[in-house]
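Everything on this sheet refers to the single structure shown next.
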Amino acid sequence: MNRLNISVPMRLVFITALQNALFVVPVVITYYGEKGVNLGAFLLMQALFKVSVLVLEVPTGYLADRWDRHTQLKVSAVLALVAHTMLIFAQGFGGVFLVELTLALACAFASGTREAYLYEALRQRGNMKRMVEWQSALMLASMLAEMVCGLVAGWLFVQWLHWPAVAESVAALLALTLAWSLPNVPRTKRDAVHANPWIDLWNVLHMNLRKHPKVPWLVLGPFTLFGQTLVLFWVFLSKMNDLLDPVWISWAVASMFAVKALLVWKSGWLVRTLGERNMVRLLPVLLLVGTVAMVFSQQVWLVWLGAVVGGSSVHALGKPMVISLISHNVVDGERATILSTGSMVNACYSAVLLFAAPVLMAAGLSLNIVTFWFTVFTLVLAAYPLWRLQRQ
Numbered sequence: 001m002n003r004l005n006i007s008v009p010m011r012l013v014f015i016t017a018l019q020n021a022l023f024v025v026p027v028v029i030t031y032y033g034e035k036g037v038n039l040g041a042f043l044l045m046q047a048l049f050k051v052s053v054l055v056l057e058v059p060t061g062y063l064a065d066r067w068d069r070h071t072q073l074k075v076s077a078v079l080a081l082v083a084h085t086m087l088i089f090a091q092g093f094g095g096v097f098l099v100e101l102t103l104a105l106a107c108a109f110a111s112g113t114r115e116a117y118l119y120e121a122l123r124q125r126g127n128m129k130r131m132v133e134w135q136s137a138l139m140l141a142s143m144l145a146e147m148v149c150g151l152v153a154g155w156l157f158v159q160w161l162h163w164p165a166v167a168e169s170v171a172a173l174l175a176l177t178l179a180w181s182l183p184n185v186p187r188t189k190r191d192a193v194h195a196n197p198w199i200d201l202w203n204v205l206h207m208n209l210r211k212h213p214k215v216p217w218l219v220l221g222p223f224t225l226f227g228q229t230l231v232l233f234w235v236f237l238s239k240m241n242d243l244l245d246p247v248w249i250s251w252a253v254a255s256m257f258a259v260k261a262l263l264v265w266k267s268g269w270l271v272r273t274l275g276e277r278n279m280v281r282l283l284p285v286l287l288l289v290g291t292v293a294m295v296f297s298q299q300v301w302l303v304w305l306g307a308v309v310g311g312s313s314v315h316a317l318g319k320p321m322v323i324s325l326i327s328h329n330v331v332d333g334e335r336a337t338i339l340s341t342g343s344m345v346n347a348c349y350s351a352v353l354l355f356a357a358p359v360l361m362a363a364g365l366s367l368n369i370v371t372f373w374f375t376v377f378t379l380v381l382a383a384y385p386l387w388r389l390q391r392q
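Residue numbering for the sequence shown is 1 to 392, as defined by my numbering.
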């Protein structure tokens, strides 16, 4: 790969695209149903997936700050290939959950590590000012990959229900090949404050999440909103599953990711135009408006629009800005740990909601009502951290 003269940031973009070529996602509810996992079990499984990521996030982020980041990204790519290949053969809740658990480990190894590696690669090139643009490029690559998957996933599924999983395995193999070409980017390594790694980890979290004037609110506020956007996506798929056949569902997902890709592409420009404070004010408004549009309608176009406004736009506009701000405010030897902490907040919150959803539905509440009150609760929780961010 070095002979091809592809820059390290661009290689990272290609890897991100391939690892997010999730051909199963647009048809996941139907596909998992064929494997014996109903909607309630599916939501429970996604909650358990998030709990698994939650448990692994911060330790793997801390490991990335002590270990070579490029090595950890290679480990993540290997685990992702194993998970996608296992899915082809998995059956029943236990078999599919083992796949999800392996994928959770792969995600945890990459989460925070990828963003920290990107920041340090840009610094090596003297290009740190473009962090928002390159972070947006990572997300754009992810969105474009998911859009392409949406265009073809339904057709693949109709041809043979396992073709989407096979396509994911091929993409994961290509991602592993590229990940193996990543060099070790120089960085300023932080010496451990304490010989015990768990106490040292606690010291890192304490200094950044208790003492820093800005980082705690960046971690708590926006990442809580991002947790609810994941719930909105699964609700969107569930509603579309009742309204459309698999091919049309995959096209609806593809068009949603196309809009999200456009928003990610323009996110750096929007942050510069509106300013960070106005962007922070805009995110909760979009989440509420989109949720209302999605849950109180059975019209396909309005459900789609609500998912775009409430889920895609909040994630696409907010995440590049937040990751860039955290990267600028945290030192090298602690960056992956704090970025992983943000992902942990995201995983923890979405896991709680996904655990609660089947319970509330079993008690007689509709999925639409549950989703609406989840959003209201999210906005209440995020209100104070977002207010503090606006005062910085």
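Note that the Cβ used here is the ideal one computed from N, Cα and C, for glycine as well.
What are the boundary residues of the alpha helix (DSSP H) that includes residue i?
i: Gln390; result: Leu367 to Arg391
i: Gly94; result: Gly92 to Ala110
i: Arg125; result: Looking at the DSSP string, Arg125 is not in any alpha helix (DSSP H), and its letter there is neither H nor E.
i: Phe296; result: Note, Phe296: premise wrong, no alpha helix (DSSP H); not H, not E.
i: Ser169; result: Trp163 to Ala179
i: Lys239; result: Val215 to Leu243
Since I believe residue j is in contact with residue i (beta carbons under 8 angstroms), could you give me their beta-carbon distance rounded to a whole number of angstroms?
i: Leu232; j: Ala307; result: 6 angstroms
i: Val264; j: Met139; result: 4 angstroms
i: Ile15; j: Leu178; result: 5 angstroms
i: Ala90; j: Val96; result: 5 angstroms
i: Met294; j: Phe236; result: 7 angstroms
i: Val253; j: Leu287; result: Contact doesn't hold; Cβ gap of about 20 angstroms is too wide.
i: Ser169; j: Ala104; result: Rounded, the Cβ-Cβ distance is 18 angstroms, inconsistent with contact.
i: Phe109; j: Val55; result: Between Val55 and Phe109 the Cβ distance is about 13 angstroms, and since that is not below 8 angstroms, they are no contact.
Taking all protein chains shown into account, decide if residue i is buried (16 or more other Cβ within 10 angstroms of its Cβ) or exposed.
i: Met10; result: exposed
i: Leu317; result: buried
i: Arg69; result: buried
i: Thr273; result: exposed
i: Glu34; result: exposed
i: Pro183; result: exposed
i: Ala362; result: exposed
i: Arg114; result: buried
i: Trp134; result: buried
i: Trp234; result: buried
Where does residue i sit, in a helix, a strand or coil, going by DSSP?
i: Val264; result: helix
i: Pro284; result: helix
i: Gly40; result: helix
i: Ser76; result: helix
i: Ser313; result: helix
i: Val24; result: coil
i: Ala17; result: helix
i: Trp301; result: helix
i: Val55; result: helix
i: Ile6; result: coil
i: Val185; result: coil
i: Val134; result: Just to set this straight, residue 134 is Trp in the shown sequence, not Val. The answer is helix: DSSP assigns Trp134 an H, G or I state.
i: Ala363; result: coil
For the stretch 351 to 368 against the stretch 218 to 236, are there 3 or more C-beta pairs whose distance is under 8 angstroms? Yes, the stretch 351 to 368 touches the stretch 218 to 236.
Counting pairs of beta carbons, one from the stretch 238 to 253 and one from the stretch 140 to 160, are three or more of them closer than 8 angstroms? Yes, since at least three Cβ pairs between the stretch 238 to 253 and the stretch 140 to 160 fall closer than 8 angstroms, the two stretches touch.
Count the CB pairs spanning the stretch 271 to 290 and the stretch 373 to 387 that are closer than 8 angstroms, and state whether there are at least three. Cβ pair count under 8 angstroms is three or more, so yes.
Okay, do the stretch 353 to 364 and the stretch 29 to 45 touch, 3+ Cβ pairs below 8 angstroms being the bar? Contact annotation: the stretch 353 to 364 touches the stretch 29 to 45, with at least three C-beta pairs closer than 8 angstroms.
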